[in-house]
Amino acid sequence: MSLFFGKTQGLRKQAGVAHRSLDRRTTLLQTAVIATVVLVFSAAIISYNAYRVVTQTEGRLANILRLAETSLATAVWQLDHDSAKDFLDAVLMDDSVVFAQVIAENDIVAERIRSPFYNRPFSYFESTPRFLSMTTEIRKYGEHIGTFNLAASTEHIHKDILISAGYTLALALGLILIITQATLHFARKRLILPLQRLEAAALTIAEGNLETPVDTSPAGELATLTRAFEDMRQSMRHLIKDLQVANARLEDHRKHLEATVKERTDELERNNVSLNNALAEVRTAKRAAEKANLAKSNFLASMSHEIRTPMNAILGMADILWETELTTDQARYVQVFRTAGESLLEIISDILDLSKIEAGRLLLEETNFSIAETVDKACAVIEPRATHKSLEFTCTLAPDVPDRLVGDPTRLRQVLINLLGNAVKFTERGSISLNVTRAPGHDGGHTVQFSVSDTGTGIPGDKLGSIFESFTQANSSTTREYGGTGLGLAISKQFVHMMGGRIWAESTPGQGSTFHFTANFAPSSGTAPFTVEENANAHPELPAASILMLEDSKYNAFVIQTYLKDTPCRLTVAPDAAQGLKLFWQGGFDLVLMDIQMPGMNGCDATKAIRQWEAQTNTAPTPIVALTA
Ligand code: ADP
Numbered sequence: 003m004s005l006f007f008g009k010t011q012g013l014r015k016q017a018g019v020a021h022r023s024l025d026r027r028t029t030l031l032q033t034a035v036i037a038t039v040v041l042v043f044s045a046a047i048i049s050y051n052a053y054r055v056v057t058q059t060e061g062r063l064a065n066i067l068r069l070a071e072t073s074l075a076t077a078v079w080q081l082d083h084d085s086a087k088d089f090l091d092a093v094l095m096d097d098s099v100v101f102a103q104v105i106a107e108n109d110i111v112a113e114r115i116r117s118p119f120y121n122r123p124f125s126y127f128e129s130t131p132r133f134l135s136m137t138t139e140i141r142k143y144g145e146h147i148g149t150f151n152l153a154a155s156t157e158h159i160h161k162d163i164l165i166s167a168g169y170t171l172a173l174a175l176g177l178i179l180i181i182t183q184a185t186l187h188f189a190r191k192r193l194i195l196p197l198q199r200l201e202a203a204a205l206t207i208a209e210g211n212l213e214t215p216v217d218t219s220p221a222g223e224l225a226t227l228t229r230a231f232e233d234m235r236q237s238m239r240h241l242i243k244d245l246q247v248a249n250a251r252l253e254d255h256r257k258h259l260e261a262t263v264k265e266r267t268d269e270l271e272r273n274n275v276s277l278n279n280a281l282a283e284v285r286t287a288k289r290a291a292e293k294a295n296l297a298k299s300n301f302l303a304s305m306s307h308e309i310r311t312p313m314n315a316i317l318g319m320a321d322i323l324w325e326t327e328l329t330t331d332q333a334r335y336v337q338v339f340r341t342a343g344e345s346l347l348e349i350i351s352d353i354l355d356l357s358k359i360e361a362g363r364l365l366l367e368e369t370n371f372s373i374a375e376t377v378d379k380a381c382a383v384i385e386p387r388a389t390h391k392s393l394e395f396t397c398t399l400a401p402d403v404p405d406r407l408v409g410d411p412t413r414l415r416q417v418l419i420n421l422l423g424n425a426v427k428f429t430e431r432g433s434i435s436l437n438v439t440r441a442p443g444h445d446g447g448h449t450v451q452f453s454v455s456d457t458g459t460g461i462p463g464d465k466l467g468s469i470f471e472s473f474t475q476a477n478s479s480t481t482r483e484y485g486g487t488g489l490g491l492a493i494s495k496q497f498v499h500m501m502g503g504r505i506w507a508e509s510t511p512g513q514g515s516t517f518h519f520t521a522n523f524a525p526s527s528g529t530a531p532f533t534v535e536e537n538a539n540a541h542p543e544l545p546a547a548s549i550l551m552l553e554d555s556k557y558n559a560f561v562i563q564t565y566l567k568d569t570p571c572r573l574t575v576a577p578d579a580a581q582g583l584k585l586f587w588q589g590g591f592d593l594v595l596m597d598i599q600m601p602g603m604n605g606c607d608a609t610k611a612i613r614q615w616e617a618q619t620n621t622a623p624t625p626i627v628a629l630t631a
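Using the numbering used here, you'd call the opening residue of the sequence shown number 3 and step up by one each time.
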């Protein structure tokens, strides 16, 4: 606003200068125009007066000439000098006539000359512009008898002209003065003042004052202009009022918007804080859950290990007992021991696997293996059970399935045994079959599909999806009838996923089920060593070896001692790593059986210590076999 006002101050100064200049210019212009017009008219009047004086004089002189022609004819004919002189005296009554002469033939009949020009001939008056000279013939009966010469002074004419010009010019000046004043007064009143008022009004508008009305009293074109200005002022006033209203509304809206934004921001901040709190709580809960899960998995893992250790001892003892002389009843009891122990061991293995998977500690092997061999081994485990239940058992491997692959044959066999075991478990009559086919492969590898079909109880449709969850069984009555933990399929699913495949089931209750799973394997490089699983049932002849066993469980030590009782091997048992190392350093052992988990130094560290000692003493490395429950 101050900037704007500063500008209008400047405009006002300019306008003041313009007023004075406009006034002066208008005065000058009007005076010049009026003076020019009046002077032109005056010049015309003066010219006309001069012309009139000259023609009047000439007319008067011409009349004298005509009079002379008639009046002097008789006087010249008769050479009447007196009559001629009288005529000339009469002629000289005219003030302007300075010379009059009557000539008969060559004689001057009469002559009259005004005093300053005595003795001047007629030719003197003819040759100067100060005189007007005229001549006429005097005739009698048509015959030339004489001449009348007349000269008149132009001084009168000039005087008359000058006097009339003086009057005219004086009148003209007076007129110029009056007209100029009148027109100036008129112009000021009708034009300049309204224009100045209009200009003042425009400046007032320019200063932002739209409340002062523009004076619309001037008439004519100025009236239109002032009315247009007034209309413009009113339009601008309305426009500014509208703008002010709109601005006020906008301001209200902005304030409202700001308030809403602030409200929302506060709300968001509050939400954010509670969200952050919730997030922190969730994170804490997640950490706690992860910790609890890890603790659970660790607990399960160590519990399974702790249970397996005595279980191995029990099973080992049952095996040894089975080899001894037994009565029929004793043999049945020992068999119950063995079967129950094996089932328990299976459950414990499942729990251990699952807890390892959940803790992310289970990794698949990457080894060259034969798929046919792995399938054969799984079938070899299941076939006796199927035969025992009088079930037909078939196993087919499509010829296009590549035999040599890279993967984890142990876990693959575990999945197959689980599915085939379930098929046998839930089938009372009919058949079990395993089909191995090649599926559309993945980049750079082979996908193999395994399908296990049975003609057993089947699974209700609504349970097909949930049976792969851990501890889930399709029907609780099956638990009672067939036993089981509901862990097998959950573990299988995890292994299959780790092998890059998927597992799913199709089933019709009462008719049977088919379990499919796919697994991805890398093609065998051909150079890597090929895993050939040893036949666990083979019993090679043992040499008379000296064996050092590091084992903290006296039951396990007793089992091994019992196994080796009737062999040429000599077994020395150390209850921990420290004592075992001392014995080893004394030397003389062909083989070391090393328990992995021991109090104090564990099996891995004890092995490292042995290898270090061997390197320092330059002794050949002794084979070390790891033992664990
Ligand atoms: P488990 O067999 O130890 O109970 P699994 O996870 O192997 O545990 O199986 C989960 C459940 O799925 C079983 O309890 C059973 O109800 C159902 N099931 C699995 N395989 C079959 C099958 N071949 N026929 C019918 N039901 C099956």
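Note that the Cβ used here is the ideal one computed from N, Cα and C, for glycine as well.
- The bridge partners DSSP lists for His146 are Arg141.
- Following the DSSP letters along the chain, one finds Gly176 inside the alpha helix (DSSP H) bounded by residues Glu157 to Ala189.
- Pro220 sits away from Glu232, with the two beta carbons spaced by 8 Å or more.
- Closest by C-alpha distance to Ala342, out of Asp331, Ile316, Ser357 and Gln332, is Ile316.
- The closest CA to that of Leu356, considering only Cys571, Gln416 and Thr389, is found on Gln416.
- At a threshold of 7 Å, Ser515 counts as near the ligand ADP, since its beta carbon sits closer than that to one of the ligand's heavy atoms.
- Segment contact: the stretch 26-45 against the stretch 67-77, fewer than three CB-CB distances shorter than 8 Å; contact not assigned.
- Per DSSP, the beta-bridge partners of Thr520 are Gln451.
- The three-state secondary structure of Leu566, taken from DSSP, is coil.
- Relative to Gly589, the option among Phe188, Ile165, Leu466 and Pro623 whose CA is nearest is Pro623.
- The three-state secondary structure of Asp410, taken from DSSP, is coil.
- For Phe497, the uninterrupted alpha helix (DSSP H) run begins and ends at Gly490 to Met500, by DSSP.
- Within 10 angstroms of the beta-carbon of Ala388 lie 16 or more other beta-carbons, which makes it buried.
- Around the CB of Ile66, 16 or more other CB atoms lie within 10 Å, so the residue is classed as buried.
- Exclusion of the five residues before and after Leu63 leaves Leu134, Met136, Leu152 and Ala154 as the residues of its chain whose Cβ lies within less than 7 Å of its Cβ.
- Taking the C-beta atoms as reference points, Met319 is found nearer than 8 Å to Val561.
- For Asn151, the secondary structure class from DSSP, reduced to helix, strand or coil, is strand.
- Secondary structure at Arg132: coil, using DSSP grouped into helix, strand and coil.
- Taking Gly490 as the centre and dropping the five residues before and after it, the same chain places the C-beta of Asp352, Asn420 and Asn424 closer than 7 Å to its C-beta, in chain order.
- According to DSSP, Cys397 shares a beta bridge with Leu436.
- The beta carbon of Glu394 sits closer than 6 Å to those of Ser433, all from its chain and outside the five residues before and after it, given in chain order.
- Per DSSP, Asn295 is one residue of the alpha helix (DSSP H) stretching across Glu223 to Glu325.
- Under the DSSP assignment, Arg613 falls in the alpha helix (DSSP H) whose first and last residues are Gly605 to Gln618.
- Minimum Cα-Cα distance from Thr609 among the listed residues Ala203, Leu552, Arg26 and Ala291 corresponds to Leu552.
- Of all alpha-carbon atoms in Pro570, Asn604 and Thr569, the one lying nearest the alpha-carbon of Leu583 is that of Asn604.
- Excluding the 5 residues flanking it on each side, Ile36 has same chain C-beta neighbours closer than 7 Å at Ile178, Ile181, Thr182 and Thr185, in chain order.
- Here the stretch 302-316 does not lie against the stretch 285-293, with fewer than 3 beta-carbon pairs under 8 Å apart.
- Closest in C-alpha terms to Gly602, from the list Pro123, Ala580, Ser515 and Met596, comes Ala580.
- The same chain holds no residue with a CB closer than 6 Å to that of Trp615 once the five nearest residues on each side in sequence are set aside.
- By the Cβ test, the stretch 389-409 is in contact with the stretch 361-380, since at least three Cβ pairs between them sit closer than 8 Å.
- If you ignore the 5 residues before and after Lys567, its C-beta comes within less than 6 Å of no other C-beta in its own chain.
- Short of 6 Å from the beta carbon of Glu543, and not among the five residues preceding or following it, lies no beta carbon of its own chain.
- Membership of Thr330 in the alpha helix (DSSP H) is indicated by the continuous run Thr330 to Glu360.
- Only buried fits Asp597, as 16 or more other CB atoms lie within 10 angstroms of its CB.
- Using a Cβ-Cβ distance cut-off of 8 Å, the stretch 54-61 and the stretch 157-165 are in contact, since at least three pairs of beta carbons, one from each stretch, lie closer than that value.
- DSSP, read as helix, strand or coil, puts Pro442 in coil.
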